[in-house]
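Quick notes on the structure that follows.
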Amino acid sequence: MLRWLIPTVLCLGVVASSRGEWVLGERRELAKLAAGAVAWEVEARDGSTRAIITGVSFSSANATLRVLDNPPDARTGFLDLLRGAGAIAGVNASYFHEDYRPLGLVVSEGKVIHSFETAKLLSGVFTVRGHGSMELVRSSALGKTEGLREAVQAGPWLVENGEAIPTLNAEKLARRTAVATNGKGEWALVIFSPLTLAQTGALLSLPHLAGDWKIQRALNLDGGSSTSLIALENGAPVVQIASFGPVRNYLAIVPCAR
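FYI, in the numbering used here the residues of the sequence shown are 977 to 1234.
Right, here's the structure in full:
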């Protein structure tokens, strides 16, 4: 049975938005996962605007992120992909064309699925280097792509140095997916009910949104109809929020080998 709305602690936060102030409400722990990861959900309000934020937080000391490619000629269900990779959770990842060709750099297990692209939208890259370190970097600062073990290029950049990017679009509403970190080993995969990019950045800049740490960097992934999240406990889904159609690839949380 999927578990939802399990009350744990009251975590209140306030951040100014373009329309007023976001107030972060009760944080609900949905499940404790393997490798110390936690699935959670939070409701936030800004006047009459309501947002539901769902995520999975984890430490890089216990788990890593892998890119799971899902080409149309060998398409597998999201849940089966996660199970096959030994993953405990995952979200949709990069943008893709109508024929499901990826947009921007995609690397999976050291294999370059698609090359780096220069485009205003593709402002950031999630990377895992050969030695295992995970980073969120600006596309302009990525440098050489040789030696990357995993990578997804996406955008726009949502949070930098703990602050929301001030130029984010404040008009278009859509479901959102993001990857975020404090730059010190704490990470989160997060999805949002329909919001603008500006609202998404504002919420990600709230202290303690993803745990007892503050997000310093966050990158927007593909969203809208692609937004999806699954969290697994002993191989069974305890959180399952589906996309509205197939997507090309996913970011998955995989426990570190011991």
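We treat Cβ as the ideally placed atom computed from N, Cα and C, and that holds for glycine.
Cβ-Cβ distance between residue i and residue j below 8 Å
| i | j | result |
| --- | --- | --- |
| residue 1123 | residue 1138 | no |
| residue 1103 | residue 1111 | yes |
| residue 1197 | residue 1066 | no |
| residue 1178 | residue 1145 | no |
| residue 1205 | residue 1140 | no |
| residue 1131 | residue 1098 | yes |
| residue 1229 | residue 1039 | yes |
| residue 1035 | residue 1012 | yes |
Distance between beta carbons of residue j and residue i, contact taken as under 8 Å
| i | j | result |
| --- | --- | --- |
| residue 1043 | residue 1082 | 6 Å |
| residue 1014 | residue 1029 | The Cβ separation is near 14 Å, so there is no contact. |
| residue 1045 | residue 1084 | 5 Å |
| residue 1033 | residue 1164 | 4 Å |
| residue 1169 | residue 1027 | 6 Å |
| residue 1133 | residue 1195 | 6 Å |
| residue 1077 | residue 1136 | In fact, because the Cβ distance is near 29 Å, the residues do not count as touching under 8 Å. |
Of the residues the options, the one placed nearest residue i, counting alpha carbons only
| i | options | result |
| --- | --- | --- |
| residue 1207 | 1010, 1000, 1001 and 999 | 1010 |
| residue 1062 | 1041, 1069 and 1072 | 1041 |
| residue 1069 | 1144, 1140 and 1156 | 1156 |
| residue 1119 | 1100, 1158 and 1131 | 1100 |
| residue 1001 | 1201, 1182, 1094 and 1219 | 1182 |
| residue 1148 | 1133, 1117, 1116 and 1199 | 1199 |
| residue 1213 | 1064, 1050, 1039 and 1049 | 1064 |
| residue 1209 | 997, 1006, 998 and 999 | 1006 |
| residue 1223 | 1161, 1050 and 997 | 1050 |
| residue 1052 | 1221, 1142 and 1071 | 1221 |
| residue 1240 | 1087, 1086, 1060 and 1048 | Residue numbering for the chain in the displayed model covers 977 to 1234; residue 1240 lies beyond these limits and cannot be assessed. |
| residue 1142 | 1217, 1086 and 1176 | 1176 |
Residue i - containing alpha helix (DSSP H), residue span
| i | result |
| --- | --- |
| residue 1177 | 1173 to 1180 |
| residue 1060 | 1054 to 1061 |
Endpoints, beta strand (DSSP E) assigned at residue i
| i | result |
| --- | --- |
| residue 1129 | 1124 to 1130 |
| residue 1008 | 997 to 1008 |
| residue 1148 | Note, residue 1148: premise wrong, no beta strand (DSSP E); not H, not E. |
| residue 1133 | 1133 to 1136 |
| residue 1226 | 1225 to 1231 |
| residue 1184 | Here residue 1184 belongs to no beta strand (DSSP E), and DSSP marks it neither H nor E. |
| residue 1120 | That residue, residue 1120, is in no beta strand (DSSP E); it is neither H nor E in DSSP. |
| residue 1087 | 1087 to 1090 |
| residue 1194 | 1193 to 1196 |
The ligand SAH heavy atom lying under 7 Å from the CB of residue i
| i | result |
| --- | --- |
| residue 1060 | Looking for the ligand SAH in the displayed structure turns up nothing, as the structure carries no ligands at all. |
Subject >> the segment 1116 to 1129 touching the segment 1142 to 1153, judged by at least three CB pairs closer than 8 Å >> reply: no
Original post:
Given 8 Å as the limit, is there contact between the segment 1186 to 1195 and the segment 1053 to 1061, that is, 3 or more CB pairs closer than that?
Top reply: no
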